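Peer 1: Following the numbering used here, the numbering of the sequence shown begins with 322 at its first residue and continues without gaps. Glycine included, each C-beta is placed from N, C-alpha and C at the ideal position. Since the model is a prediction, treat every value here as computed from it, not as a measurement.
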Amino acid sequence: MQSHFKCYTLNAAQIALDLGSAKCMNIVLFGALTHVLKLEQIDWEDVIRDTVPPKFLELNLQAYRAGLEAARKQ
322 MQSHFKCYTL NAAQIALDLG SAKCMNIVLF GALTHVLKLE QIDWEDVIRD TVPPKFLELN
382 LQAYRAGLEA ARKQ
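Now the structure itself:
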């Protein structure tokens with residue numbers, strides 16, 4: 322039987338820690354997921370800007386970009 326699945330792995334916890342907060346791990350995973358599900362045509366950075374409080378905005382944008390880039394490299 323032929324498999325039609327691709328397995329992606331990334332250390333989201335370490336990426337988040339490298340950005341300065343383990344709390345942004347969910348956004349790292351979200352960034353990766355947008356690539357995996359081929360949803361990159363949506364401007365997710367605008368969505369993040371519209372929904373994340375200013376205090377956490379830059380960290381969340383960095384986390385999203387880091388997750389997206391990690392998935393693209395695979």
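Whose CA, out of S324, C328, Q323, lies closest to the CA of R393?
Peer 2: Here the question's residue 393 lines up with position 72 in the sequence shown. Answer by Cα proximity: C328.
Peer 1: Which first and last residues belong to the alpha helix (DSSP H) in which G388 is found?
Peer 2: Walking along the sequence shown from the start, residue 388 turns up at place 67. Element bounds for G388: 375-393.
Peer 1: In its own chain, which residues sit with a C-beta less than 7 Å from the C-beta of F351, not counting the 5 before and 5 after it?
Peer 2: The count along the sequence shown starts at 1 and reaches residue 351 at position 30. Hits under 7 Å: Y385, G388.
Peer 1: Got a sec, what are the start and stop residues for the alpha helix (DSSP H) A333 sits in?
Peer 2: Along the sequence shown, one-based indexing puts residue 333 at 12. 333-340 is the span of the alpha helix (DSSP H), which, as asked, contains A333.
Peer 1: With C-beta atoms as the reference, is W365 less than 8 Å away from T355?
Peer 2: On the sequence shown, residue 365 is found 44 positions in, with the first residue counted as 1. On the sequence shown, residue 355 is found 34 positions in, with the first residue counted as 1. Yes, these two residues count as a Cβ contact at 8 Å.
Peer 1: Spatial neighbours of C345 within its chain, please: C-beta separation below 7 Å, excluding the five flanking residues on both sides.
Peer 2: As a first step, residue 345 must be located in the sequence shown, where it is residue number 24. Answer for C345: A337, L380, N381, A384, listed in chain order.
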